[in-house]
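**Student:** Pasting in a structure now, in structure tokens, and then I'll have a few things to ask.
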Amino acid sequence: MEKIKGGVTAAKGFEAGAVAAGIKYQNRTDMALVYSMKPCKVAGTFTTNVVKAAPVKWDQNIVEKKLKSQAVVVNSGIANACTGEEGIECCRETAKAAARALGIEKNGVLVGSTGVIGMQLPIEKLKAGIEQLAAEKQSGMEAGNQAAKAIMTTDTCEKEVAVTFEIGDKTVTIGGMAKGSGMIHPNMCTMLAFITTDAVISTKALQKALSADVEETYNMISVDGDTSTNDTVLLLANGMAENEKIKVGTKEFELFVQALHEVNETLAKKMAGDGEGATALFEVTVKGAATKQQAKQLAKSVVCSNLTKAAIAGHDANWGRILCAMGYSGAEFNPETVDLFFKSRAGELKIIENGVAVSYSEERATEILSQSEVTAIADIKQGEETATAWGCDLTHGYIDINADYRS
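Going by this note's numbering, the letters in the sequence shown line up with residues 896 to 1302, in that order.
In structure tokens:
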């Protein structure tokens, strides 16, 4: 497997576009299109929030009915959530407009929205944007990058990645783009991720690969503990790599799963590290666990702890907050056997051994915690299982961004 430059247009047969439709933002692009030259099989995972945005309901229906798709239309600025029947009608009109402009089936047009909850989308602006997107869509890395920028809200940078791997004598590519910076919490987040592949793969294998990997990637990140109404991950496969068909239980399926994991984990970490107001990606690894679930539960609890996140922002080795967060996680463990380390590109430092502080330099700890990527490693010495969760530090910037987000 090789990581390459690019995003949603890296795989064969995919094009993208971005336009400034004036949905909410001014003087920036706010609509994106991902288009496939051939119909795609589609897999998806969606928010666990009981309050689901209209686009989530629309896309869930397409995935559940196993309909094929050739296009995804995404807008930023307005979430089309809590918008009633008018919101669903907006999805319907968006699909119709895209089908007309692109010459494709309307039943398979996927939609995505992100932004302020409760506002209605200006459908005429959406339709005008779709006409422009259809006319200007292109293949190539730049088109994919522009699409990734168009779906941003409070994100400070675009998020994209692509990988290639071999099946027989065919090169298969998986690429993707995502947005997410706030309202991010395990069990999905205010995140949209659109992943494309030219693999020939069964629908069953496509959905199985995505559903399983979401548990290890997007569901292991947290910025602020809020689970959104709009979370969506869509995976489209158009089969243009012409490889032997990938099926569940084969070595080719395992290759696909590994490559998909690389894409999803990369995008997940980019979202966690770009949390609203964040200055550092905060990674928590729990090892030596008796079960995978135990490791996950402990790692998630630490990465979600506001006190721990504030300590990371202050470059303070306040390890008691980490042990405390592990203690209220609900997972059983013996705190008197825990070893804890802090690690970054500045080095690694043991902080506690068997639940008790060791002698260490506070200055050295501060140096390690002052980097843009910081890791806490907890060894609970109960078994062989490991899990990693990702988050970010908590700064005054988070409040500044969210205090007036709607207005």
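Where is the CB? At the ideal position from N, CA and C, for every residue including glycine.
Using a 10 Å radius around the Cβ and a threshold of 16 neighbouring Cβ atoms, would you call Tyr1223 buried or exposed?
**Tutor:** Sequence index remark: in the sequence shown, residue 1223 carries index 328 (1-based). Exposed, since its Cβ has fewer than 16 Cβ neighbours within 10 Å.
**Student:** Please report the straight-line C-alpha distance between Cys935 and Asp1050, rounded to a whole angstrom.
**Tutor:** Within the sequence shown, the letter at position 40 stands for residue 935. Within the sequence shown, the letter at position 155 stands for residue 1050. Going by the C-alpha atoms only, they are around 29 Å apart.
**Student:** Leaving aside the five residues before and after Gly902 along the sequence, list all residues of the same chain whose C-beta is less than 7 Å from its C-beta, in chain order.
**Tutor:** The residue given as residue 902 occupies position 7 in the sequence shown. Contacts found: Gly1039, Asn1040, Ala1043, Glu1055, Val1056, Ala1057, Gly1070, Gly1071 and Met1072.
**Student:** Rank Leu997, Thr1009, Ile1012 and Ala1212 by C-alpha distance to the C-alpha of Lys1022 and give the top, closest one.
**Tutor:** Locating residue 1022 in the sequence shown gives position 127, where the first residue counts as 1. Closest option to Lys1022, Cα to Cα, is Leu997.
**Student:** Thinking C-alpha only, which one of Thr942, Lys961, Ala911 and Leu1264 is nearest Thr1098?
**Tutor:** Against the sequence shown, residue 1098 aligns to sequence position 203. The shortest C-alpha separation from Thr1098 is found at Lys961.
**Student:** For the pair the segment 1163-1182 and the segment 1241-1256, tell me if three or more CB-CB distances fall below 8 Å.
**Tutor:** Contact fails: fewer than three Cβ-Cβ distances are below 8 Å.
**Student:** Kindly indicate which residue of Ser931, Ala976, Gln955 and Val1067 has the alpha-carbon position closest to the one of Ile1141.
**Tutor:** Working through the sequence shown from its first residue, we reach residue 1141 at position 246. Nearest of Ser931, Ala976, Gln955 and Val1067 to Ile1141, Cα basis: Val1067.
**Student:** As a quick exercise: from Leu1131, Glu1110, Lys991 and Ala1094, pick the residue whose alpha carbon is nearest that of Thr942.
**Tutor:** Translated into positions along the sequence shown, residue 942 becomes position 47. Of Leu1131, Glu1110, Lys991 and Ala1094, the residue nearest in Cα terms is Glu1110.
**Student:** Are the CB atoms of Gly939 and Glu1129 within a distance shorter than 7 Å?
**Tutor:** Within the sequence shown, the letter at position 234 stands for residue 1129. Within the sequence shown, the letter at position 44 stands for residue 939. The sequence shown places Leu at residue 1129, not Glu. Yes; because the gap between Cβ atoms is below 7 Å, this pair is in contact.
**Student:** With DSSP as the reference, label Glu1000 as helix, strand or coil.
**Tutor:** As a first step, residue 1000 is located in the sequence shown; it is residue number 105 there, counting from the start. Coil at Glu1000, not helix or strand.
**Student:** Can you list, in chain order, the stretches of the beta strand (DSSP E) that have 3 or more residues and sit fully within the segment 900-940?
**Tutor:** Correct list: 909-914.
**Student:** Under the rule that 16 or more other beta-carbon atoms within 10 Å means buried, what is Arg1216, buried or exposed?
**Tutor:** Within the sequence shown, residue 1216 is the residue found at index 321, counting from 1. Burial call: buried.
**Student:** Can you round the beta-carbon distance between Lys947 and Glu1157 to whole angstroms, since I take them to be within the 8 Å contact cut?
**Tutor:** Translated into the one-based positions of the sequence shown, residue 947 becomes position 52. Translated into the one-based positions of the sequence shown, residue 1157 becomes position 262. Lys947 to Glu1157, Cβ: 29 Å. No contact.
**Student:** Just to confirm the assignment, what range does the alpha helix (DSSP H) spanning Asp1333 have?
**Tutor:** Nothing can be reported for residue 1333, as the shown portion of the chain is limited to 896 through 1302.
**Student:** By the three-class DSSP mapping on this structure, what secondary structure does Met1083 have?
**Tutor:** The count along the sequence shown starts at 1 and reaches residue 1083 at position 188. Unreliable placement is indicated for Met1083, whose pLDDT of 40 sits below 50; the coordinate value is still reported in the next sentence. Of the three classes helix, strand and coil, the one that applies to Met1083 here is coil, per DSSP.
**Student:** Could you check the C-alpha separation between Met932 and Arg1259 for me, to the nearest Å?
**Tutor:** Along the sequence shown, read from residue 1 onward, the residue named residue 932 stands at position 37. Along the sequence shown, read from residue 1 onward, the residue named residue 1259 stands at position 364. Taking the straight line joining both Cα atoms gives about 55 Å.
**Student:** May I ask which residues mark the beginning and end of the alpha helix (DSSP H) holding Cys1219?
**Tutor:** As a position in the sequence shown, residue 1219 is number 324, starting the count at 1. Trp1214 to Gly1222 is the extent of the alpha helix (DSSP H) around Cys1219.
**Student:** Can you give the beta carbon distance from Ile973 to Lys919, rounded, assuming they're within the 8 Å contact cut?
**Tutor:** Numbered from 1 along the sequence shown, position 78 holds the residue referred to as residue 973. Numbered from 1 along the sequence shown, position 24 holds the residue referred to as residue 919. Contact holds; Cβ gap of about 5 Å.
**Student:** What three-state label does DSSP hand Thr1261 in the structure shown?
**Tutor:** By 1-based counting over the sequence shown, the position of residue 1261 is 366. Note: Thr1261 maps to helix in three-state DSSP.
**Student:** Can you tell me which residues form a DSSP beta bridge with Ile1046?
**Tutor:** The sequence position of residue 1046 within the sequence shown is 151, counting from 1. Answer is none; Ile1046 lacks a bridge partner.
**Student:** Suppose contacts are defined by Cβ-Cβ distances below 7 Å. Is Ile1246 in contact with Leu1264 by that definition?
**Tutor:** Locating residue 1246 in the sequence shown gives position 351, where the first residue counts as 1. Locating residue 1264 in the sequence shown gives position 369, where the first residue counts as 1. No, the Cβ-Cβ distance between Ile1246 and Leu1264 is not below 7 Å.
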